[in-house]
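Residue numbers (our numbering): 162 to 507.
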Ligand SMILES: NC(=O)c1ccc[n+]([C@@H]2O[C@H](COP(=O)([O-])OP(=O)(O)OC[C@H]3O[C@@H](n4cnc5c(N)ncnc54)[C@H](O)[C@@H]3O)[C@@H](O)[C@H]2O)c1
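What follows is the structure, given as structure tokens:
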């Protein structure tokens with residue numbers, strides 16, 4: 162049996178982490194922590210968890226779990242992961258891995274020092290469509306793909322709840338919240354190509370107006386992050402990638418979470434998984450829903466098997482975080498970024 166504690170009893174803990182742990186035959190949920198006693202007691206009652214803490218350090222020291230899940234705002238991923246790793250506890254943390262690469266590097270070092278596993282909830286990697294796209298890349302196209310498009314766009318999807326527009330707690334807006342998922346998926350299916358240059362610009366024009374959209378009403382006066390970011394990344398070998406991410410983007414559909422890859426014989430798109438070329442488009446598969454999908458079961462399996470790395474291990478997300486840093490650096494300085502000149506380089 163693996164003993165588990167959860168830090169943060171909000172939306173993602175309630176809908177993903179706690180249901181998975183509570184149904185898993187080899188897991189015992191031993192404790193939960195949240196700053197809000199009301200939230201804490203409500204969720205702990207719902208999942209029948211006896212030990213409740215407003216201080217997560219106290220919880221880790223009292224209960225000494227094998228695993229901790231981190232489900233708090235982005236700002237706390239680093240400090241809470243470090244506290245757990247320092248105590249020899251394996252960590253499953255929500256995305257983004259950290260606020261920036263400097264934090265992630267410390268988490269990585271600590272996990273090696275303490276021989277602990279740390280992985281992140283990049284659940285799009287586990288989709289069947291992702292596997293199909295990855296297989297398509299790996300069937301001889303790895304070095305032939307010369308262009309790609311990464312889209313994580315909503316027409317009016319500025320979150321009206323939670324902390325998603327708070328710069329201090331989240332570190333950024335559309336890129337670090339939704340763009341990061343598709344950027345990570347792209348890097349994963351492409352086997353982590355080496356980036357050379359990054360250029361990006363961002364906007365908050367729609368966010369600061371305030372308003373109401375598909376994700377509720379938001380306050381323009383409290384909108385502190387980018388509502389959109391558009392960039393280009395050039396990789397070694399001449400692969401050119403456009404990334405577009407937005408909570409609010411005036412286009413014809415409600416949302417587009419997609420990765421498209423272009424090789425000389427064919428192009429392919431993630432969703433629905435489609436191939437194009439000197440033939441009509443072939444739609445091979447369409448996922449009905451990815452609701453409830455998580456990288457957590459794979460993380461638990463990897464701990465049980467003792468010698469396999471989880472699919473979303475810290476080693477595998479380093480490049481994702483470095484490119485998020487580089488895109489933000491370019492957008493904030495209005496300068497192109499040469500990766501090797503910065504500490505965002507690989
Ligand atoms: N994988 C995904 O697609 C996905 C989806 C949604 C959210 N998330 C991530 O999950 C994280 C949490 O998001 P959420 O939507 O659940 O937010 P939320 O606001 O619903 O929940 C966060 C909870 O953490 C608690 N908290 C804050 N600081 C704490 C601390 N120091 N100790 C203990 N508890 C603390 C808050 O009181 C709150 O209850 C974010 O990093 C977000 O990016 C990931």
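Each residue gets a CB set at the ideal place from its N, CA and C atoms; glycine is no exception. As the structure is a prediction and not an experimental result, all values here were calculated from the model.
Taking 8 angstroms as the cut-off, is the C-beta of residue i nearer than that to any heavy atom in ligand 1?
i: residue 282; result: yes
i: residue 169; result: yes
i: residue 331; result: yes
i: residue 256; result: yes
i: residue 335; result: no
i: residue 232; result: yes
i: residue 241; result: yes
i: residue 502; result: no
i: residue 306; result: no
i: residue 200; result: yes
i: residue 134; result: There is simply no residue 134 to check, as the chain begins at 162 and stops at 507 in what is shown.
i: residue 323; result: yes
i: residue 210; result: no
i: residue 346; result: no
i: residue 174; result: yes
i: residue 235; result: yes
i: residue 177; result: yes
i: residue 388; result: no
Quick check on residue i: does DSSP put it in helix, strand or coil?
i: residue 170; result: coil
i: residue 507; result: Any answer about residue 507 is weak, because its pLDDT of 38 lies below 50 and its placement is not dependable; what the coordinates show is given next. Coil.
i: residue 410; result: coil
i: residue 251; result: strand
i: residue 379; result: strand
i: residue 185; result: coil
i: residue 233; result: coil
i: residue 435; result: strand
i: residue 360; result: strand
i: residue 347; result: helix
i: residue 442; result: strand
i: residue 391; result: strand
i: residue 223; result: helix
i: residue 268; result: helix
i: residue 427; result: strand
i: residue 418; result: strand
i: residue 371; result: coil
i: residue 451; result: coil
i: residue 203; result: helix
i: residue 212; result: strand
i: residue 191; result: strand
i: residue 355; result: coil
i: residue 175; result: helix
Hey, is residue i's beta-carbon within less than 9 angstroms of any beta-carbon in chain B?
i: residue 217; result: Considering every chain present, this structure includes no chain B. It has just one protein chain.
Kindly give me the distance between the Cβ atoms of residue i and residue j, rounded to whole angstroms, as I take these residues to be in contact under 8 angstroms.
i: residue 414; j: residue 359; result: 27 angstroms between Cβ atoms; not a contact.
i: residue 217; j: residue 241; result: 6 angstroms
i: residue 514; j: residue 169; result: Any answer about residue 514 is impossible in this case: the structure gives the chain only from 162 up to 507.
i: residue 287; j: residue 472; result: 7 angstroms
i: residue 429; j: residue 294; result: 6 angstroms
i: residue 129; j: residue 369; result: Residue 129 lies beyond the range of the chain shown here (162 to 507); nothing can be said about it.
i: residue 292; j: residue 410; result: Contact flag wrong, Cβ pair sits at about 28 angstroms.
Touching by the beta-carbon criterion (3+ pairs, under 8 angstroms), the stretch 315-332 and the stretch 370-387: With the cut-off at 8 angstroms, the stretch 315-332 and the stretch 370-387 touch.
Segment contact flag, the stretch 271-285 with the stretch 386-404, C-beta cutoff 8 angstroms, min 3 pairs: By the Cβ test, the stretch 271-285 is not in contact with the stretch 386-404, since fewer than three Cβ pairs between them sit closer than 8 angstroms.
Completely contained alpha helix (DSSP H) runs for the stretch 267-329, where each covers 4 or more residues: The stretch 267-329 contains these whole alpha helix (DSSP H) runs: 289-299.
Touching by the beta-carbon criterion (3+ pairs, under 8 angstroms), the stretch 484-492 and the stretch 359-374: Yes, the stretch 484-492 is in contact with the stretch 359-374.
Sufficient close CB pairs (3 or more, under 8 angstroms) joining the stretch 192-209 to the stretch 165-181: With the cut-off at 8 angstroms, the stretch 192-209 and the stretch 165-181 touch.
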